[in-house]
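Participant: To start, I am sharing the structure in question, which I have written as structure tokens.
Protein chains in written order, with the numbering used here: chain A, 523 to 1468; chain B, 10 to 370.
Structure representation (structure tokens):
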């Protein structure tokens, strides 16, 4: 192959072989060479020589023109990609890179420098260079002020460690790198030391180097001369701020699970291929944000789990704390933030390891002022530094300072709340420091007008009810809980002597005996179990999670118990005793209150009592009699748990209605806190100190439920239920919403109209003849008619509706009346309906004849037209006249339905000279017997009809 | 509606008091300024033609023109070249004093000389630069040559050829300085050995090689002045009658170009005096010469070929360090084996035959 290349190049003929094409495209060339590195060696060497020459130039003149950067970057990627095929050249390549980075790194273009570093990382990943040498170079490069490079270096070291740790499991190299980093931490150049520190911290968090040695090296950095390195080290031990504040991110975790399905990459590609709209861009930004947030959370979570471990693995915590405190006390004035970190770490170490740094507490006194910056944090640190082994008088002083500075009427309620909360936290850790005087003073605040203050005082009282009620005023102690009376609360550093294993009374007196009666005993045991479970289930289900929690906490405590000293045991013992107290209460209650329990249960209860004639004695007997096995301890534990559960439930019932919601919440919080103590480092959190009692914000469901409950009360007092659609509207308003066809008739039959036609309802049938189409026609002309008729009214003032036979007859059978009823003016006008436009109209309908009289004086005979269609008699008149003023037209139509008896052939018409048209039709005698149908008319003035 | 309401209440917001937190003062103005950089715009200065800062026809100073040499627009670059040339021809005294700014900016252009029109201008400018006296050029020749060598290894042929022509100019102008450069010999041999060199009959190619050989020609070198020095490394003393300056000093070089102190290799050893270097060269030259002898029908290149053969022959025969490599002579002969054959094949090659006499011994 080189021969062709030779030809093409030598002759400069520009023949387009693939290689000559790739001459300027290094990427393509790389691809070709990678397939057959042997035969393309010459091409590689060409590039390599050029690179070597460029390097020589760079040594002389590190800064380059920007147009030369791109080719250089390309050739670096080219060479680093192919280096593994040419090992001899790769060595020269890497050494030239090393030398240029060592000598000229500061002068190089940032991009070029980065490209060189990337090439070296690539070579390292292919095992072509020594990782230690690279690391050394990297630590040198950190000096350069290039943020991206520093970031890249740290990231590449981290990823290398990950590779070594998880894929290769190369502990030897890991150890070497670790030692290198340790030595670099002592480097005189601050930035190098900081980089090494960051590497160590990162590796510790990601488990690559999670060991005591790393933790101690980082701890050493707390005393570095550069404050920034100190702060980073201290932050590492302290963990995230969220952790300190006690904010949990559990709520957001649930969402995360759903979103995890879509990665950022997917979202990005989706955006790239979709139409670009502003909304989509916004959405993309949003998702990006949430994703980065998630990442951050993950990181924080990781740091939380490891900072405690780091503190625990300190070699000499006492000396560490002393040195830290020494720095605090030294005359050198650091920034307040730095000092705060130092105080925090000091307190944390003291709290976790239970150290004695006695002057620390008095050092804190100067900061404990309500106006002090970040005073809540300082209070928190004070609380964290207090543990059981601190002498009570030291803590007492501290408490007094807090009480004096914060809890007085001249302070704001917020300050008082914070102060009382802090005191509560301290006392929860070391209850021996409490004095009766102080506690009673503070308890007075339970009736303080500010809710926050009173609630925090109550929380303090609740705590001491559990810890040492004797210090409280008698009224604050709560209901006497049986055993508590004679229980002795221990003082500071007074050891407890156990006469017996608490709860041993559940075990059988004699193991042999038990084996002998195996069947019976087992039965009874299981029965007890059932009964206990039943009592649980009687209550609401809400309690079950609580119970579970308690179980967990207990287990945790027991685990802790093994590790820690006897003082811890003292506490546990006390708690156990409390539980006993509750249990006893519960027993009493069972007799008094619980009628709902089934007979069977009561029977068993009886059995139980039989056994518990003197539980203490029995327990004493059993525990002194033999060595308890693991299973026996287990059963004791189970029994105690059950007792506790039952006891709590009883307690709640006992307090019943007298207790407010707030009280319940305080109790819950106390339990939660006890639980918290068992897990993690067991130190208080900021949210405990800054705790303000607020009504919990209700969710919408809760609010709706409240409203519903209120409605029930309404019903109780007999108010009518009004929650239909119609509530609060008048009928008129409602009618507007109805379909027109439904209300049409109602508007037509407005009161007046009904009134007017009620008498002639018998002839109403005629209305059926008018089909809707016609009706609309009429309606259209009606307005004109009305106007005309008004004019005519003026012309014939004497024309009045005539009454026929003393009855008001308006022709119900005529469509005229119909259209007047519809016409909008009809109700407001005097009645002239049936004679308008045609003078007097009379209808005579008796036994002998049917006659109609119409005044048609204004019409000429030829304008009139009379026709009979079936039984319908129609009289029409139409007149048109033209003069110089304009054009006028008038017309009328009358329709009559002829009665059955009328013979159609006998109809005669006459027109008198006065202009009255008379129509007369004789009637045949009625063949059918007439009958009367009584008509009831609905209206205002029902008129009787004959 | 709510928006409006909130805006209304903006001034009367209740400030939440928190323990341990300072209240923000509402009536103060934050006067801190954060800016990434402050850019001071300079006034347009009236440029005047002075003795120190002459202006080109277009009213640009030398510095501005040098800056424009790096402009991404080809036309502006070209104009800048022309401008500099004009300026320097009018004021030749500037060349030697301004080399420090001129060399980096102009030599840089060698490796992106793809445009033939610009190449001519650039070449004449470089020629102009090469009129500077060698003692002033001595400080810059390394950088200059580094640029040229970089051009010689460039991927694109026109660039290579251009770099070669520049190298020829440099070798002609500063033979002494070129010889002192350590990189010249290996990179030129490398260039001759690569497959992407110009054809043997390309214009000026053979002449360049001849001038290259001339630089290192042993016979032209100054005679060696032996002096005895006794150096004891234990006591760190030197005994003997010697003058260090006279040993290391070049005849025409400036007194500051002191080879021991400069990065360049001492001129005392020519590559021709090293057997391995010589063999490399002869290996590379052999195919070139063969092609030249066989294909040169018109005889235009005979004289160059003869010169080359003679120089190589002289170097081979009077190799002072031949003892470093056993059977050096044989190897030298064998490396030129194909040339020997070619000369034998050539019919009217009396002149060639004469210069290649040493091969037929």
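Cβ coordinates follow ideal geometry from the N, Cα and C atoms, glycine included.
For residue 122/B, return the contacting residues in chain A, with the cut-off set at a CB-CB distance below 8 Å.
Facilitator: Result: empty, since nearest Cβ-Cβ is about 13 Å, beyond 8 Å.
Participant: So, helix, strand or coil for residue 33/B, using DSSP?
Facilitator: Three-state DSSP puts residue 33/B in coil, outside helix and strand.
Participant: Does the beta-carbon distance from residue 865/A to residue 880/A come in below 8 Å?
Facilitator: No, these two residues do not count as a Cβ contact at 8 Å.
Participant: Going by CA-CA distance only, name the one from 1254/A, 1223/A, 1262/A, 1026/A that's closest to residue 1149/A.
Facilitator: Measuring from the Cα of residue 1149/A, the nearest candidate turns out to be 1026/A.
Participant: Checking contacts by CB at 8 Å: is residue 594/A closer than that to chain B?
Facilitator: No, its Cβ sits nowhere closer than 8 Å to a Cβ of chain B.
Participant: Quick one: what does DSSP say residue 925/A is sitting in, helix, strand or coil?
Facilitator: Here residue 925/A sits in helix by DSSP.
Participant: Any beta carbon from chain A within less than 8 Å of residue 22/B's own beta carbon?
Facilitator: Taking Cβ atoms only, chain A never reaches closer than 8 Å to residue 22/B, which makes this a no.
Participant: Suppose the cutoff is 7 Å on Cβ atoms and the five residues either side in sequence are ignored; what does the same chain contact list for residue 628/A look like?
Facilitator: Once the five neighbours on either side are set aside, the close Cβ partners of residue 628/A are 666.
Participant: Using the beta-carbon of each residue, which ones in chain A are nearer than 8 Å to residue 156/B?
Facilitator: Those are 579, listed as they occur along chain A.
Participant: Can you tell me which of the three DSSP states residue 100/B falls into?
Facilitator: Coil, per DSSP.
Participant: Quick one: what's residue 1396/A bridged to in DSSP?
Facilitator: In the DSSP output, where bridge partners are listed per residue, residue 1396/A has 1389/A, 1417/A.
Participant: So residue 164/B is in the beta strand (DSSP E); what residue range does that whole segment cover?
Facilitator: Element bounds for residue 164/B: n/a, residue is neither H nor E.
Participant: With a threshold of 8 Å between beta carbons, is residue 214/B in contact with chain A?
Facilitator: Residue 214/B does not count as touching chain A.
Participant: Excluding the five sequence neighbours on either side, which residues of its own chain have a C-beta within less than 8 Å of the C-beta of residue 796/A, listed in chain order?
Facilitator: Contacts found: 802.
Participant: Just tell me which of 204/B, 112/B, 160/B has its CA closest to the CA of residue 294/B.
Facilitator: The candidate whose alpha carbon is nearest that of residue 294/B is 204/B.
Participant: Can you tell me which of the three DSSP states residue 1205/A falls into?
Facilitator: Coil.
Participant: First and last residue of the alpha helix (DSSP H) that includes residue 594/A?
Facilitator: 591-604 is the extent of the alpha helix (DSSP H) around residue 594/A.
Participant: Does the Cβ of residue 837/A have 16 or more other Cβ atoms within 10 Å, making it buried, or fewer, making it exposed?
Facilitator: By the 10 Å Cβ count, residue 837/A comes out exposed.
Participant: Among all the DSSP beta bridges, which residues are the ones paired with residue 1412/A?
Facilitator: Paired residue(s): 1401/A.
Participant: In the DSSP assignment, find the beta strand (DSSP E) that holds residue 863/A and state where it starts and stops.
Facilitator: Looking at the DSSP string, residue 863/A is not in any beta strand (DSSP E); the run it does join, the alpha helix (DSSP H), is 858-875.
Participant: How would you label residue 47/B, buried or exposed, when you count the other beta carbons within 10 angstroms and need 16 or more for buried?
Facilitator: Flag for residue 47/B reads exposed.
Participant: Name the one or two DSSP bridge partners that residue 248/B has.
Facilitator: Bridge partners of residue 248/B: 239/B.
Participant: Taking the runs of the alpha helix (DSSP H) that are 4 residues or longer, which of them lie wholly in the segment 317-351 of chain B?
Facilitator: Fully enclosed alpha helix (DSSP H) runs of 4 or longer: 337-344.
Participant: Look up residue 63/B in the DSSP assignment and say whether it is helix, strand or coil.
Facilitator: The answer is coil: DSSP assigns residue 63/B none of H, G, I, E or B.
Participant: Quick one: which chain B residues come within Cβ less than 9 Å of residue 1490/A?
Facilitator: As displayed, chain A neither begins before 523 nor continues past 1468, which places residue 1490/A out of reach and without an answer.
Participant: Rounded to the nearest angstrom, how far is the Cβ of residue 984/A from that of residue 1211/A, given a contact under 8 Å?
Facilitator: Wrong, their Cβ atoms sit about 17 Å apart, outside the cutoff.
Participant: Just to check my reading of the structure: residue 136/B and residue 178/B have Cβ atoms closer than 8 Å, yes? What is that Cβ distance to the nearest angstrom?
Facilitator: Between residue 178/B and residue 136/B the Cβ distance is about 6 Å, and since that is below 8 Å, they are a contact.
Participant: So, with DSSP's three-state summary, where would you put residue 730/A?
Facilitator: In the structure shown, residue 730/A sits in coil (DSSP, three-state: anything other than H, G, I, E or B).
Participant: Whole angstroms are fine: how far does the CA of residue 618/A sit from the CA of residue 644/A?
Facilitator: Approximately 15 Å, taken between the alpha carbons.
Participant: Does the distance from the CB of residue 576/A to the CB of residue 159/B come in under 8 Å?
Facilitator: Contact flag set, yes.
Participant: With which residues is residue 1444/A paired in a DSSP beta bridge?
Facilitator: Bridge partners of residue 1444/A: 1371/A.
Participant: Does the beta carbon of residue 989/A come closer than 8 Å to any beta carbon on chain B?
Facilitator: False, the Cβ-Cβ gap to chain B never drops below 8 Å.
Participant: Taking residue 848/A as the reference, which of 1217/A, 816/A, 885/A has the closest Cα?
Facilitator: Looking at the Cα atoms, 885/A is the closest of the given residues.
Participant: Under a CB-based cut-off of 8 Å, is residue 92/B close to chain A?
Facilitator: Chain A, which has no Cβ nearer than 8 Å to the Cβ of residue 92/B, makes this no.
Participant: Is DSSP giving residue 1377/A helix, strand or coil here?
Facilitator: Strand at residue 1377/A.
Participant: Between residue 978/A and chain B, is the shortest Cβ-Cβ distance under 8 Å, so that the two count as touching?
Facilitator: No, residue 978/A lies away from the interface with chain B (no Cβ there is under 8 Å from its Cβ).
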